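Residue numbers (the working numbering): 96 to 212.
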């Protein structure tokens, strides 16, 4: 699993590339939690290059979401592959995470949430 990071208007954009499975979950979780701790709690996770995710991967997403909320932030998901979207919908996590296909819309959502908060 490869993570790349950039900042867009004060929002962390993290792109994940590879498979997010049990073997990869602990280091990925730690890297994302470190990024939340260093930032303002607003993060976009671009999952467009994640071909497969298991329940350990879902637990990473939930952990990062909880950490962001503790900082009055939020995490949104971007560019879900069909396999990842199916897993998110099967577990009803689309009721927790805002999901976007457009980076500009994802940034706007987090900027709006920051302005309201």
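Beta carbons: idealized from backbone N, C-alpha and C, even for Gly.
No experiment lies behind these values; they were computed from the predicted model shown.
Quick check on this structure: which residue in the options has the alpha carbon closest to the alpha carbon of residue i?
i	options	result
residue 214	110, 149 and 129	This structure does not reach residue 214, given that the chain is present from 96 up to 212, and the question cannot be answered.
residue 198	141, 187 and 136	141
residue 159	188, 124, 203 and 178	124
residue 150	188, 171 and 169	188
Residues in the same chain with beta-carbon distance under 7 Å from residue i, minus the five sequence neighbours each way, listed in chain order, please.
i	result
residue 174	141, 142, 143 and 196
residue 104	202 and 206
Short of 8 Å in beta carbon distance, which residues of its chain neighbour residue i, apart from the five on each side in sequence? Order them along the chain.
i	result
residue 99	109, 110 and 112
So residue i packs on residue j, CB below 8 Å; how close in whole Å?
i	j	result
residue 146	residue 186	About 18 Å separates the two Cβ atoms, so there is no contact after all.
residue 116	residue 152	6 Å
residue 155	residue 127	7 Å
Note down, in chain order, each residue of its chain lying with its Cβ closer than 6 Å to the Cβ of residue i, except the 5 sequence neighbours on either side.
i	result
residue 107	130, 134 and 138
residue 183	189
**OP:** Give, in chain order, every unbroken run of the beta strand (DSSP E) that is at least 3 residues long and sits entirely within the segment 130-154.
**Re:** 137-148
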